[in-house]
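Respectively, the protein sequence lines represent chains A and B. Under UniProt numbering, residues 1 to 446 are what the first sequence spells out, in order. Under UniProt numbering, residues 1 to 326 are what the second sequence spells out, in order. Data block below; observations after.
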Amino acid sequence: MSHHLSRRHLLQLATASAAGLGLTACGGSGSGGSGGGGGADGDSGKITVWSWTTAAEALRGVVPSFERDNPGITVDVQDLGNPAIWDKITVGLASGGKGLADVLHIGVDYLPGYMEKFPQGLADLSELGADQHKDAFVEGLWPTVIGKDKAVHALPWEVNPLGLFYRHDYFEKADVDPASLTSWDDLIAAGPKIRAATGAQLLGLDKPGTVQDMDFFQNLMQLQGAFYFDAEGRVTLASDEAVQALTVIKRLNDAGLLADTAGQGTWKRLVGQGKLATAPYPAWAIEYLSDKFPAQSGKWRVMQPPAAVPGGGRSAIVNSTFLSVSATSKRRKAAWRFIEYALTKPAEINRMFASGGVFPALKAAYTDPKFSAPDPFYGGQKVLKSFVDSLTAGAGATNFTGDYSRALKLASDAQSQVLIKGADPAEALKAAAKQLAQQTGRQQAA
Amino acid sequence: MSLAPSERAPATGAATTTATGTPAGRGTHRHPGSARRGRRRLLTPESVPYLLIMPAVLGFAIFKAYPIAASFWISLTTGNGDDRQFSGLANYRRLLDDPLFWTALKNTALILVVQVPLMLGLALLVALALNSTKVWLRPLWRLGVFVPSLTGLVAAGVMFSVILNRDAGLLNWVLSLFGVDRVNWLGSPVWARVGVVLVITWHYTGYNAVMYLAGLQGVPKELYEAAMVDGAGPVRRFFSITLPQLRPILLLTVVLSTIGTLQLFDEPYVLTGGGPDNATLTVTMYLYNNGFKYFDFGYASALAYALALIVSLLGILQVRLMGERR
């Protein structure tokens, strides 16, 4: 064993190396963007934007006009894919904002969680003038962008009002008048007729919950003005509305009207084979259906979603997405200018809608003629107009809270227990609500 | 290895260094203030190994030791982002009352008890077959057996989610040729577990078989020859020679497979998402959910430490049980 490299030498060397590494790390840090800009609120330089698939494509469409109108700012839109983007943003926020892009595209299922768990993570857009746009967006979205500090941390981009897509030809064949279907009770009654005439089941659901697709359950609650949490953030997963929602699903299943769509691409395959008669889906499905199933052109129509309880509400906002600026961005002003440009100008937002199918949340966008144009895929029906009408009918704000993911998981478990093991909806939801309260420290609503 | 005189020179100086490492009387041997000489002393035959392992040690300290320590600290706190409060063992107490943690642990234990013996037994059979001189085209078979372990875990999960699909999956199609009804592989709690076991077994059997094969080839042939002279049949030879000789490798594969199974994540994550009704939820998946979906890093860290404790205890137990009977 050598004594030549004394412990002191070793320490010196270690310190020097560590300092070197540290310097290297510092050199590589900063926001995801590169290039000029300078100061913390840089108004120029290159900004990066993180989004996914068609939305990223839509955002790229805004870049040329933005760059022309804002000399000195260049925009790099990166498609990170969904769900990979959530891990990337979460890790970035958890490490104090390191490595995040300047602009982040965030869904309503994540935004409240990010604002709650990382209160310093997303930039305060009120300081940059975001509040002036408060009334520009459809009702129910603005409460979601406000943090505990009462500041605005995002601008709404996409909104997804709920509709019921249905196979017009199947309904005709089964002699079912869609206008007569005002509640899910009516659909459960009509389902067997449709199945007998066409062989199609009413709708598909991921019964074992492999991807936790709880949209239908949530929609049935949202139609009743309810959700997993109330406006005060108390747990309402065992409420009457939730039990009603899960009971509707159980009745559909017991009547043999629910196809199992677990597994990769199963839903798509079943629709392609004409084995599903309806799809309770939001506005993004307008383009999705026409894009994926061109052979079924003229066979689909859209109606207002049936109420979860007879006589109940028939409009709901399923979900929405937003653009935020990361608080650690070195070019916050430039990033804000891009967001404001993309989301508050009707021409830009409609350009994005045309290229990416992202239904705009900006009210002024609906004056565009295309929102009242007939759509050949839907037999000439003015589908967009029906969704706009549904939005203007008003839908309550949904309080997703920072514990939405946990609630989603527990609700998905409860639904699987009901559909796979025949559990009682009220009992399954009671257990889920208890666990949700226990795990989050939230109160249960009375 | 011969050394250049200039390199050897400081080595003789080693005799003047005291046991505590204090360079006693060094000043008498070197020019005062000679920085060049000091630098040269840093690069001695004895110091070079330290310098060479330094990057690895630093890498370990920065990327392993620090996160491990930081994670322990986080496991003792609650709160969001930078705003964390010390909460003592609250996260660990919460763990004990959390039904999902116990479900995840039970699932993991079940897979461990069923899958590991099954896979290792199969791997041993495969290794014995591949070791036999009667097998034709042995290298090709060996390659074929090993190839699945080269597949990415996520890719394997995606591939099996297609194979195990109830309506359009390959496996149900094959079964239908034999008149077997469609199995809801991923939709029923029991079959989903079977599905996960299938994927892991497919993925890792070849890997273990290759290790056994290496072990088998290290068993001295004389032992078998002597046993045959004594009239021992193939079964007797297997239990009296092959198995005892393979013991170190058996121990290695059992410990590695146990650790691997306890850390199971990718395959069930891709295949079933932990469902249905948490039938395939594993501890690491629950850990991931708490950290990256629920942003509950304190609790996730506590889960990580609980898992590390279980892995360590099981590892020690296995080494004690299997390793010391030599």
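No residue lacks a Cβ here, since even glycine has one placed at the ideal position from N, Cα and C.
- Counting along the chain, V229 (chain B) sits inside the alpha helix (DSSP H) bounded by residues 221-229.
- Under the Cβ criterion of 7 angstroms, S183 (chain A) is not counted among the residues facing chain B.
- For the C-beta of A168 (chain B), the chain A residues within less than 9 angstroms are, from N- to C-terminus, G263, G265, T266, R269.
- L52 (chain B) has its alpha-carbon roughly 11 angstroms from the corresponding atom of L43 (chain B).
- Assignment of beta-bridge partners to L205 (chain A) by DSSP yields A:D260.
- Of all residues in the region 404-434 of chain A, the ones placed with a Cβ closer than 8 angstroms to any Cβ belonging to chain B are S405, R406, K409, S412, D413, S416, Q417, I420, K421, in chain order.
- Taking a C-beta cut-off of 9 angstroms against chain A, the contacting residues of the region 252-285 of chain B are L271, T272, G273, G274, G275, P276, D277, N278, A279, listed in chain order.
- Counting along the chain, I163 (chain B) sits inside the alpha helix (DSSP H) bounded by residues 153-163.
- In this structure, the beta-carbon distance from F338 (chain A) to V159 (chain A) does not fall below 7 angstroms.
- For the pair of segments examined, the region 72-88 of chain B was found to touch the region 281-298 of chain B: the number of CB pairs separated by less than 8 angstroms reaches three.
- Taking 4 residues as the shortest admissible run, the region 213-284 of chain A contains the following complete alpha helix (DSSP H) segments, listed from N- to C-terminal end: 215-222, 240-254, 266-272.
- Counted as a single uninterrupted DSSP element, the beta strand (DSSP E) harbouring M303 (chain A) occupies residues 300-303.
- Unbroken alpha helix (DSSP H) stretches of 4 residues or longer found wholly inside the region 114-151 of chain A: 142-145, given in chain order.
- If you look at L51 (chain B), you'll find it in the alpha helix (DSSP H) that goes 47-60.
- A distance below 7 angstroms separates the beta carbons of L59 (chain A) and V77 (chain A).
- E116 (chain A) and A231 (chain A) have their C-alpha atoms some 15 angstroms from each other.
- By the rule that beta-carbons nearer than 7 angstroms mark a contact, S301 (chain B) does not touch chain A.
- With contact defined as three or more Cβ pairs closer than 8 angstroms, the region 178-188 of chain A and the region 298-311 of chain A are in contact.
- The contact set of K207 (chain A) on chain B, defined by CB atoms closer than 8 angstroms, consists of G187, P276 in chain order.
- Annotation: the continuous alpha helix (DSSP H) that includes G356 (chain A) extends over 346-356.
- The Cβ of K64 (chain B) sits no closer than 7 angstroms to any Cβ of chain A.
- Spanning the alpha carbons of P234 (chain B) and L243 (chain B) requires a straight line of approximately 12 angstroms.
- Under the Cβ criterion of 7 angstroms, F239 (chain B) is not counted among the residues facing chain A.
- In the DSSP assignment, P360 (chain A) falls outside any beta strand (DSSP E), carrying neither H nor E.
- At a cut-off of 7 angstroms between beta carbons, Y92 (chain B) makes no contact with chain A.
- Using a CB distance cut-off of 7 angstroms, T401 (chain A) does not count as an interface residue toward chain B.
- For the region 149-176 of chain B, the set of residues with a beta-carbon nearer than 9 angstroms to any beta-carbon of chain A comprises V158, S161, V162, L164, N165, R166, D167, A168, G169, in chain order.
- Listed along the chain, the chain A residues whose CB falls inside 8 angstroms of the CB of P248 (chain B) amount to none; the nearest CB is some 30 angstroms away.
- Under a 10 Å Cβ-count criterion, D260 (chain A) is classified as buried, with 16 or more other Cβ atoms of the shown protein chains found around its own Cβ.
- Distances from the alpha-carbon of G356 (chain A) to those of A:A55, A:S51, A:K46, A:W50 put A:A55 closest.
- A distance below 8 angstroms between beta-carbons, with the five flanking residues on each side excluded, links F63 (chain B) to no residue of its chain.
- Residue environment for G402 (chain A): buried (at least 16 other C-beta atoms within 10 angstroms of its C-beta).
- Beta-bridge analysis with DSSP links P156 (chain A) to A:F322.
- In the three-state reduction of the DSSP assignment, S183 (chain A) falls in the strand class.
- Nearest to L122 (chain B) by C-alpha distance, out of B:L150, B:R237, B:L250, is B:L250.
- Bridge partners of T48 (chain A) according to DSSP: A:D76.
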